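In short: position in the sequence shown from 1, add 159, done, that's my numbering.
The C-beta atom is built at its ideal place from N, Cα and C for all residues, glycine as well.
Since the model is a prediction, treat every value here as computed from it, not as a measurement.
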Amino acid sequence: MTYYLYKMCAICGIIKSDGKIDEKLLFEMTRLMNYRGPDEEGYFLEKNVGLGHRRLSIIDLKTGKQPLFNENKKIVLICNGEIYNFKELRENLEKKGHQFKTNSDNEVIIHLYEEKKEKCLEYLRGMFAFALWDGEKKELFMARDRMGQKPLVYSVIGKDIIFSSEIKSLLLYPEIKKEIDFEGLNDYLTYQAIPSPKTIFKSIKKLSPAHYLIWKNGNVRIGRYWNVDFSRKIKLKNEIEYEELLWERLKEATKLRLISDVPLGAFLSGGIDSSTIVGLMSEISNRPVKTFSIGFDIENYSELKYAKLVAERFNTEHYEFVVKPDVFEILPKLIWHYNEPFADTSLIPTYYVANETSKYVKVALNGDGGDENLAGYDRYYQTILGMKIVNFLRKLPLRNKFHFIMKKFHSSFPSIFLFRAGNWLLEASKNEPSFLYAHRMWIFSDELKEKLLSEEIKNKLSYSSLSILDNWWKKLDVSLLEKMLYTDLHLYLPEVLMVKIDIATMANSLEGRSPFLDHKLIETIASFPPELKLKGKTSKYILKKKLKGFLPEEILKRKKMGFSPPIKEWFQNELKEMLRSLLTDRKFKQRGYFNQKFVEKMIKEFFEEKRDWSHGLWLLFVFELWYRIFLE
């Protein structure tokens with residue numbers, strides 16, 4: 160029997176406790192997201208229940224169209240995503256007498272729910288956001304995958320619930336107010352994104368990764384069904400056994416994500432993670448892997464030479480693209496797709512590589528998640544080094560005066576390097592490991608936001624955004640490195656990285672798959688001793704050890720570059736007038752969100768090259784564009 164994975168989708172729904180739903184409105188909400196599934200749509204309509212689904216037809220199939228139903232059609236499912244272990248689950252369910260109507264992977268969710276109710280989530284291996292209506296219990300059951308690869312937002316209006324894959328779809332619902340949540344704005348200024356469950360709007364929430372939501376009779380219950388556990392360690396004989404276990408799990412995760420009836424390829428940056436995935440794909444596949452790389456026509460902003468090395472090593476069918484982004488054209492489009500302020504600068508190259516890739520394949524694997532699992536970022540080593548300095552400072556006779564001196568003078572440092580170093584030392588003087596780590600991640604610190612935000616907005620804020628990071632930090636009593644990894648797996652990875660890749664790919668009707676985000680692999684790596692991930696200054700130690708001879712030596716030894724475009728150069732050239740215009744005009748000032756004197760000070764210092772405010776200005780620039788697109 161042939162089975163099919165149904166991929167790019169969008170879902171939405173309206174559930175009313177009383178009264179009839181507006182069918183026309185449901186159709187509009189669904190069709191607004193047609194780029195996520197441009198070929199087919201399906202609906203389930205009852206008096207007070209409406210479910211909508213958009214789907215991309217990978218091949219011409221009559222089965223698998225959603226919504227999907229159980230045998231007596233009392234249980235209805237709409238799902239965005241795929242279940243990689245569906246064959247095994249289906250075989251077990253069929254042995255218990257369940258009858259399947261389609262060959263879709265998503266249908267296993269319905270029958271597993273009949274057996275296990277919300278505990279069905281523990282058995283699913285994949286990426287998904289789904290909504291299931293139980294007609295007998297008159298209950299809505301929604302869930303999101305463990306790492307937040309697929310989005311799901313909702314709004315509770317009285318006793319009714321409205322949900323969707325995207326915020327802009329919910330905004331069509333007339334009772335949902337477009338009122339800004341200033342705590343969401345505060346979070347955005349810290350993390351360049353708004354971590355769940357908040358959004359930029361007070362009336363809309365995100366369902367957090369690894370969570371489910373149950374609605375019944377106007378009451379909502381939310382629960383967590385999975386978490387990664389760093390406290391459980393496995394003890395193997397030697398490093399070789401750890402290498403082999405890691406390789407076995409990673410190869411299995413990659414193989415599961417190669418199930419496809421359509422052209423399939425991979426993003427290839429030339430970094431260790433994407434190169435490893437391409438190498439594994441080449442081992443598993445019986446045909447050359449299609450690989451796709453992108454670079455900018457500005458020196459020091461291209462990794463194409465490294466990607467080419469890997470492509471040659473594995474004899475891939477390689478495509479590379481050099482782009483000069485038309486930022487005037489692309490930015491409004493991207494901001495519309497991202498639904499709320501989102502300022503990770505790598506969204507631009509990610510969009511372009513997805514756009515070019517979609518011309519050749521419909522599915523692309525990537526290396527996302529390798530850094531957060533295996534300690535690939537410089538900030539891990541830097542924070543550990545920082546704590547050593549903290550412990551040294553504690554022994555100094557003048558340690559009590561050090562904090563006072565740094566607080567008084569660090570903001571006067573002339574360069575961004577010295578400013579950041581001073582800010583870091585200021586936090587070091589407080590002896591707060593989580594704040595030391597946060598310094599490597601935040602865009603605006605709490606101290607800078609005191610200057611940036613207007614008095615009116617500051618008076619509306621009840622907490623520090625850094626408490627989000629601190630909350631994850633304090634959940635586990637583990638090593639410093641593992642606290643950082645745990646925090647990243649719950650904050651940066653799902654709230655920034657996964658948002659970026661989902662929107663960039665979905666905007667181009669392309670599906671992205673991430674073997675490093677397989678939850679079985681994540682659990683395995685979490686059980687390894689921390690020194691196998693970061694050994695001295697060597698990041699991804701155990702993976703790099705395994706990759707010797709597998710990847711070119713130049714790839715293993717190269718410095719991590721990142722995937723960011725030349726924002727500073729853009730602001731100094733083609734975006735110069737647009738930046739000044741947006742952040743100094745009457746509309747921006749009259750909103751009263753920001754201290755205009757400080758904003759203009761940032762602009763002045765940036766153009767006089769006294770301080771590199773490019774990332775801070777980028778956040779304000781994106782927010783203002785977003786405001787004009789969504790609220791004017």
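Beta strand (DSSP E) containing residue i: first to last residue?
i, result
"residue 647", "Residue 647 -> not in any beta strand (DSSP E); alpha helix (DSSP H) instead, spanning 639-649."
"residue 208", "208-214"
"residue 204", "199-204"
"residue 172", "168-174"
"residue 287", "285-293"
"residue 522", "522-524"
"residue 391", "Residue 391 -> no beta strand (DSSP E), and no H or E assigned at all."
"residue 302", "298-303"
Just the Cα atoms here: how many angstroms apart are residue i and residue j?
i, j, result
"residue 546", "residue 764", "32 Å"
"residue 772", "residue 761", "6 Å"
"residue 282", "residue 533", "25 Å"
"residue 326", "residue 499", "8 Å"
"residue 330", "residue 336", "8 Å"
"residue 655", "residue 248", "31 Å"
"residue 408", "residue 691", "16 Å"
"residue 629", "residue 636", "13 Å"
"residue 788", "residue 712", "47 Å"
"residue 276", "residue 312", "22 Å"
"residue 163", "residue 422", "Legend: pLDDT at residue 163 = 46, less than 50; position of this residue unreliable, no value from coordinates given."
"residue 316", "residue 531", "37 Å"
"residue 619", "residue 341", "7 Å"
"residue 413", "residue 376", "42 Å"
"residue 200", "residue 174", "19 Å"
"residue 520", "residue 419", "11 Å"
If we count the other Cβ atoms within 10 Å of its Cβ and call it buried at 16 or more, is residue i buried or exposed?
i, result
"residue 320", "buried"
"residue 749", "exposed"
"residue 516", "buried"
"residue 178", "exposed"
"residue 697", "exposed"
"residue 253", "exposed"
"residue 367", "buried"
"residue 400", "exposed"
"residue 791", "exposed"
"residue 751", "exposed"
"residue 308", "buried"
"residue 333", "exposed"
"residue 264", "buried"
"residue 393", "exposed"
"residue 231", "exposed"
"residue 172", "buried"
"residue 551", "exposed"
"residue 783", "buried"
"residue 219", "Confidence at residue 219 is low in this model, with a pLDDT of 33, below 50, so the placement of that residue is unreliable and no value is reported for it."
"residue 462", "buried"
"residue 454", "buried"
"residue 256", "exposed"
"residue 433", "buried"
"residue 511", "buried"
Which stretch, first to last residue, makes up the alpha helix (DSSP H) that contains residue i?
i, result
"residue 315", "Premise fails: residue 315 lies in the beta strand (DSSP E), 312-316, not in any alpha helix (DSSP H)."
"residue 701", "700-706"
"residue 687", "No alpha helix (DSSP H) contains residue 687, which DSSP labels as neither H nor E."
"residue 235", "Where residue 235 is concerned, there is no enclosing alpha helix (DSSP H), although the beta strand (DSSP E) it sits in stretches over 234-242."
"residue 663", "657-665"
"residue 671", "Unbroken run through residue 671 is the beta strand (DSSP E), 670-672; no alpha helix (DSSP H)."
"residue 191", "Looking at the DSSP string, residue 191 is not in any alpha helix (DSSP H), and its letter there is neither H nor E."
"residue 271", "266-275"
"residue 617", "614-617"
"residue 488", "486-497"
Would you say the beta carbon of residue i is closer than 7 Å to some non-hydrogen atom of the ligand SAH?
i, result
"residue 360", "In the structure on display, the ligand SAH does not appear, and there are no ligands present to speak of."
* Asked: In chain order, which beta strand (DSSP E) runs of at least 3 residues are fully inside the region 422-484?
  -> Counting only runs of 3 or more, we get 423-426, 449-455 and 476-482.
* Every unbroken beta strand (DSSP E) inside the region 318-381 [3 residues or more] -> 319-323 and 370-375
* **Cβ pair count under 8 Å reaching 3, the region 695-709 against the region 237-246** => no
* Three or more C-beta pairs closer than 8 Å, one from the region 292-308 and one from the region 356-364: is that the case here? -> The region 292-308 and the region 356-364 do not touch, with fewer than 3 CB-CB distances between them shorter than 8 Å.
* Touch test, the region 347-354 against the region 370-380, Cβ-Cβ under 8 Å, three pairs minimum -> no
* To do: Please confirm if the region 380-392 is in contact with the region 273-282, defined as three or more CB-CB distances below 8 Å between the two stretches.
  => yes
* What are the start and end residues of each continuous alpha helix (DSSP H) run of 4 or more residues lying completely inside the region 709-759, in chain order? -> 712-716, 726-731, 735-743 and 745-750
* Does the count of Cβ pairs from the region 521-539 and the region 630-648 closer than 8 Å reach three? -> The region 521-539, when compared against the region 630-648, does touch it at the 8 Å Cβ threshold.
* Does the region 608-627 come close enough to the region 661-671 that 3 or more CB-CB pairs lie under 8 Å? -> no
* Asked: Are the region 436-452 and the region 481-496 touching, with three or more C-beta to C-beta distances below 8 Å?
  -> no
* Should the region 418-432 be called in touch with the region 464-473, which here means at least 3 C-beta pairs below 8 Å? -> Yes: at least three Cβ pairs fall under 8 Å.
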